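S.K.: Sequence order for the protein chains is A and B.
According to our numbering, the first sequence is numbered sequentially starting from 1.
According to our numbering, the second sequence is numbered sequentially starting from 1001.
Beta carbons: idealized from backbone N, C-alpha and C, even for Gly.
The structure presented is a predicted model; accordingly, all values stated were derived computationally and were not measured.
Have a look at the structure that comes next, please.
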Amino acid sequence: MNPFTFKQAANVDAALPLLATEGARPVAGGTNLLDLMKAGVMAPPQLVDINPLEQAGLDIIEEHEGGLRLGALARNATTAYHDTVRSRYPLLSAAILAGASPQLRNMASNGGNLLQRTRCVYFYDVGTPCNKREPGTGCPAKNGINRQLAILGTSEQCIATHPSDMCVALRALDATVHVKSGGSERAIPFADFHRLPGDRPDIDSNLQPGELITHITLPDAARFIDHSAYIKVRDRLSYAFALVSVAAALDLAPDGSIRAARIALGGVAHKPWRVEDAESALVGKPAGEAAFEEAATRILQGARGYGQNDFKLTLAKNAIVQALTTAMRGTDFAKGQTTEGNPA
Amino acid sequence: MDPYQQHPIRLRINDQDREFSVEPWVTLLDLLRERAGLTGTKKGCDHGQCGACTVLVDGKRVNSCLTLAVMQNGHEVTTIEGMAKGDALHPLQQAFIEQDAFQCGYCTPGQICSAAGLIAEGQAKTVDDVRELMSGNLCRCGAYPAIAQAVIQVMGIHKDKPGSASGSASASASASASGPDGFTTGPVLA
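The structure is reproduced here in C-alpha cells:
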C-alpha cells in the first residue's frame, strides 16, 4: 500500500472539508478500496475514515415517506437482513445476499457498494495498459480476457462491467442517491448515478470529488413485493461475480396480465442496465414466456460480444426470461438463505 | 510533523486490552500477526478472497486483511487464540476435531472464526444455508463436507431428524452428528 495520511471524521460537517483535500478518499468498509491500494491501482494521499459517522445516524435504515431510507454506512448484511427490507423490498435483500461473502457483507457499506470499481483483470493488473486506470494507455480487454466483461453500452475505450449486485436491484427499484459536499447537497436518480465509459472510462460515476453519499432512498414498491426475483449466473455457485444477473419485478393483475414490470441487468455493462421501453411494452400483456422473450430482445438490442463473452448474449436473454418467470411464480422470501433453488 | 504519523490505538484482543502505535497502512491482519504475536490468524490471499484471515470484530466476522488496524481503534477483536477457554476447547474446535474437518489446517482458524460468526448471526437454518454462509472461507484441501458437518453438529442440525434441533446456537459439541453425507436440506432449527 502507498503511504497516506489517515483522518477520522466524527460527523458529516467534519468529514466534508477532509474529503475536499485533493485525492482524498472516504473509507468505510474498505473491502474494495484497500484491496485496490494493495494492488497499486489506487493510491489516495489521504483516507478519511467515515465509520464514526455511524454515531451521527448515517447507519440508520428506516421507513421514509412511504418508502425506505438506507443510511450510507449501514452495512450490506444489516441491510439485507433488516425486517423492513426483507418484507417490503425482497428484491433488494436477495440481490445483496447474492453478492460477496458473509464477511464482506458485514464490512461493506451501502455507500461503498455503489462505488465499487470494476473487477476487469486489466484494471487490476498495473503491468498492463488500461484506459480506466491510466487514461490513454489502451484497452487490452477488447481482444483479450473478456469473459466477465460488457456486452452493452461499451466504448472503444472500455468494456468494463460494474460488479455490484445491490446496485442492480436499486436501479430496478428506482432508488435515489443523496450526497453532500462542502456547500450543497443534491439527490441523484440511480439511473444517473453510474455512467457509461464513453471516452472517460476513468470516471465510474457522477459523484463529484468531495461529495459524500449520506443515504439512499427507495420509493414505495408494495406492488412488486409478491412477484420479484434476483437471478445471478456465475462460474461457481456462491461468492463469485455475476456473468449475468437480472433483477425482475412484476405487478400482476388478477387475470395474469402485467400491470407493471421492472427489469435490470448486472454483469453486462458499465452500469446496471435497464431499458424502460421494454418494461412499458409489457404492460397489458399476459405474463408468460412470449412476452418475456420479447422484453429480453428489446433489452438486449445493440448488444455485442468481444469473443470470450459472446455467450452472454444468449445467457442474458435466457436469464431475463428465467428471472421474469421466477418472479411471476412468486417471490421466494427465503432467497439468500440458500444458494439456489426456485420456490417449489 | 511527519505527515505519515504513527497512530496510538487500543484494541481489546481476546479479552485483553492491548496498545499499539501503528502506521495507517497496517492492516488488522498484519497487526495481529506481526505486532500482537497472534499468528493463528492466517494470511492467505491478502485480498479478501479466501477467508483465512477471518476474525470477529465486536462479535461479527470480518476479513482482517481488508480493514486497517487504525480503523479498529477501540473495538473488540476475537481470534482463534481466543476461542478456547483455558483448556476447554470451543465447541467448534472440538467439532472440527471430531469431524476431521481439515487436512493441512491453514484455513482452519478462519473457518472456525467464520463459523462462530455464522452461528451468532442466526441466519442459517438448514444445511444448505450453512454451506452458503460459509462460502467466504475457501479450503484448498477440499474438506468442505466435514467442515459443514462440524458446523451443523455445533448448531444441532440433524439431517435425519428435521425439527428435532434444540434451536440453541450453543448446543453441546458432544451432540452426535449424523454422518459425513449429511447434505439433505430441510428446515431444522425452530
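(1) Which of the three DSSP states, helix, strand or coil, is assigned to LEU1089/B?
(2) Would you check if the distance between the CB atom of THR331/A and the CB atom of ILE225/A is smaller than 8 angstroms?
(3) By Cβ distance below 6 angstroms, which residues in the same chain neighbour GLU62/A in space, the five residues on each side in sequence not counted?
(4) Along chain B, in chain order, which residues have C-beta atoms closer than 7 angstroms to that of SER238/A?
(5) Buried or exposed: which applies to ALA319/A, given that a residue is buried once 16 or more other Cβ atoms fall within 10 Å of its Cβ?
(6) Quick one: what does DSSP say GLU1076/B is sitting in, helix, strand or coil?
(7) Here's a check: name, in chain order, each residue in its chain whose Cβ is nearer than 7 angstroms to the Cβ of PRO44/A, leaving out the five neighbours to either side.
(8) May I ask you to list the residues that DSSP assigns as paired with GLU62/A?
(9) On the three-state DSSP scale, how would you describe PHE6/A?
(10) Would you mind sorting VAL1127/B into buried or exposed? The rule is 16 or more other CB atoms within 10 Å of its CB.
(11) Quick one: does THR31/A have its CB under 8 angstroms from some CB of chain B?
(12) What three-state label does DSSP hand PHE333/A in the structure shown?
(13) When DSSP builds the beta bridges, which residues end up paired with HIS1007/B?
(14) Whose Cβ in chain B lies nearer than 8 angstroms to the Cβ of ASP226/A?
(15) Any Cβ of chain A within less than 8 angstroms of the Cβ of THR1078/B?
(16) Examine chain A for any beta-carbon lying closer than 8 angstroms to the beta-carbon of HIS1090/B, and answer yes or no.
(17) Taking ILE96/A as the reference, which of ALA291/A, GLN308/A, SER238/A, CYS139/A has the closest Cα?
(18) Drop a sphere of 10 angstroms on the beta-carbon of ARG259/A, count the other beta-carbons inside from all chains shown, and report buried for 16 or more, exposed for fewer.
(19) Would you report the Cα separation of ILE1009/B and ALA72/A, rounded to the nearest angstrom?
(20) Can you find the residues in the same chain that come closer than 7 angstroms, C-beta to C-beta, to GLU54/A, ignoring five residues on each side of it along the sequence?
(21) Comparing the C-beta of LYS38/A with each C-beta of chain B, is any distance below 8 angstroms?
(22) Are the C-beta of LYS1042/B and some C-beta of chain A separated by less than 8 angstroms?
(23) Taking a contact to mean a Cβ-Cβ separation below 8 angstroms, would you say HIS178/A touches ALA187/A in this structure?
(24) Count the other CB atoms, across all protein chains shown, that sit within 10 Å of the CB of PHE311/A; report buried if there are 16 or more and exposed otherwise.
(25) With a CB to CB cut of under 7 angstroms and the five nearest residues on each side skipped, what residues in its chain are close to SER93/A?
(26) Quick one, which residues of the region 1052-1081 of chain B are near chain A if we go by CB-CB under 7 angstroms, in chain order?
(27) At the 8 angstroms Cβ level, is PHE123/A part of the contact set with chain B, yes or no?
(28) Am I right that LEU212/A and ALA15/A are in contact with their C-beta atoms under 8 angstroms? What's the rounded C-beta distance?
(29) Considering only the alpha carbon of each residue, which of CYS1113/B, LEU1056/B, ALA1124/B lies closest to PRO1091/B?
(30) Would you call the region 198-207 of chain A and the region 291-307 of chain A touching, i.e. three or more CB-CB distances under 8 angstroms?
(31) Based on the DSSP secondary-structure assignment, which residues constitute the bridge partners of ASN1063/B?
(32) Taking 8 angstroms as the cut-off, does the region 128-145 of chain A touch the region 155-162 of chain A (at least 3 CB pairs, one atom from each stretch)?
(33) Rounded to a whole number of angstroms, what is the C-alpha to C-alpha distance between ASP204/A and GLN1103/B?
(34) Give me the DSSP bridge partner(s) of TYR124/A.
(35) Nearest CA to the CA of SER228/A: which residue from GLY112/A, LEU243/A, PHE333/A, ALA56/A?
(36) Can you give me the C-alpha to C-alpha distance between VAL244/A and LEU315/A, rounded to a whole angstrom?
M.R.: So, to answer that:
(1) Taking the second sequence and counting its residues from 1, the one referred to as residue 1089/B is at position 89. Reduced to three states, the DSSP call for LEU1089/B is coil.
(2) Here residue 331/A corresponds to residue number 331 of the first sequence, with the count starting at 1. Here residue 225/A corresponds to residue number 225 of the first sequence, with the count starting at 1. Contact: yes.
(3) Within the first sequence, residue 62/A is the residue found at index 62, counting from 1. Excluding sequence neighbours, GLU62/A sits near ARG69.
(4) What you label residue 238/A is simply residue 238 of the first sequence in a count that begins at 1. GLU1132, SER1135, listed in chain order.
(5) Working through the first sequence from its first residue, we reach residue 319/A at position 319. Its Cβ being crowded by 16 or more others within 10 Å, ALA319/A is buried.
(6) Taking the second sequence and counting its residues from 1, the one referred to as residue 1076/B is at position 76. Strand, per DSSP.
(7) Here residue 44/A is taken as the residue at index 44 of the first sequence, counted from 1. PHE4, GLY23, ALA24, ARG25.
(8) Against the first sequence, residue 62/A aligns to sequence position 62. Paired residues: ARG69/A.
(9) Start at 1 with the first residue of the first sequence, and residue 6/A comes out as number 6. Here PHE6/A sits in strand by DSSP.
(10) By one-based count along the second sequence, residue 1127/B stands at place 127. Buried is the call here.
(11) Position 31 of the first sequence, counted from the start, is the residue given in the question as residue 31/A. Yes, contact with chain B.
(12) Here residue 333/A refers to the residue found at position 333 of the first sequence. Three-state result, PHE333/A: coil.
(13) Counting from one through the second sequence, the residue named residue 1007/B turns up at place 7. HIS1007/B pairs with VAL1022/B.
(14) Numbered from its first residue, the first sequence carries residue 226/A at position 226. Residues of chain B passing the Cβ test: none, with the nearest at roughly 22 angstroms.
(15) Within the second sequence, residue 1078/B is the residue found at index 78, counting from 1. It does not; no Cβ of chain A falls within 8 angstroms.
(16) Within the second sequence, numbered from 1, the residue matching residue 1090/B stands at position 90. No, its Cβ sits nowhere closer than 8 angstroms to a Cβ of chain A.
(17) Taking the first sequence and counting its residues from 1, one reaches residue 96/A at position 96. When only C-alpha atoms are compared, the closest one is SER238/A.
(18) As a first step, residue 259/A is located in the first sequence; it is residue number 259 there, counting from the start. Per the 10 Å Cβ criterion, exposed.
(19) The residue given as residue 1009/B occupies position 9 in the second sequence. The residue given as residue 72/A occupies position 72 in the first sequence. Cα to Cα, ILE1009/B sits roughly 26 angstroms from ALA72/A.
(20) Residue mapping note: residue 54/A aligns to position 54 of the first sequence, counting from 1. The residues are LEU73.
(21) Indexing the first sequence from 1 puts residue 38/A at position 38. Judged by the 8 angstroms Cβ criterion, LYS38/A is in contact with chain B.
(22) Locating residue 1042/B in the second sequence gives position 42, where the first residue counts as 1. LYS1042/B does not count as touching chain A.
(23) Counting from one through the first sequence, the residue named residue 178/A turns up at place 178. Counting from one through the first sequence, the residue named residue 187/A turns up at place 187. Closer than 8 angstroms, so yes.
(24) Counted from its first residue, the first sequence places residue 311/A at position 311. Answer is exposed; the Cβ neighbour count stays below 16.
(25) As a working note, residue 93/A is residue 93 in the first sequence. Here the set comprises ALA80, VAL85, ARG86, GLY336.
(26) THR1054, LYS1060, ARG1061, VAL1062, ASN1063, LEU1066, THR1067, LEU1068, VAL1070, MET1071
(27) One-based indexing of the first sequence puts residue 123/A at position 123. Not one chain B Cβ lies under 8 angstroms of PHE123/A.
(28) The residue labelled residue 212/A in the question sits at position 212 within the first sequence. The residue labelled residue 15/A in the question sits at position 15 within the first sequence. LEU212/A to ALA15/A, Cβ: 6 angstroms. Contact.
(29) Within the second sequence, residue 1091/B is the residue found at index 91, counting from 1. Minimum Cα distance to PRO1091/B is reached at CYS1113/B.
(30) no
(31) Indexing the second sequence from 1 puts residue 1063/B at position 63. Beta-bridge pairing links ASN1063/B to THR1054/B.
(32) yes
(33) Here the question's residue 204/A lines up with position 204 in the first sequence. Here the question's residue 1103/B lines up with position 103 in the second sequence. So the two alpha carbons sit approximately 43 angstroms from each other.
(34) Here residue 124/A refers to the residue found at position 124 when the first sequence is read from its first residue. BP columns for TYR124/A are empty, so no partner.
(35) Within the first sequence, the letter at position 228 stands for residue 228/A. The candidate whose alpha carbon is nearest that of SER228/A is PHE333/A.
(36) What you label residue 244/A is simply residue 244 of the first sequence in a count that begins at 1. What you label residue 315/A is simply residue 315 of the first sequence in a count that begins at 1. About 7 angstroms.
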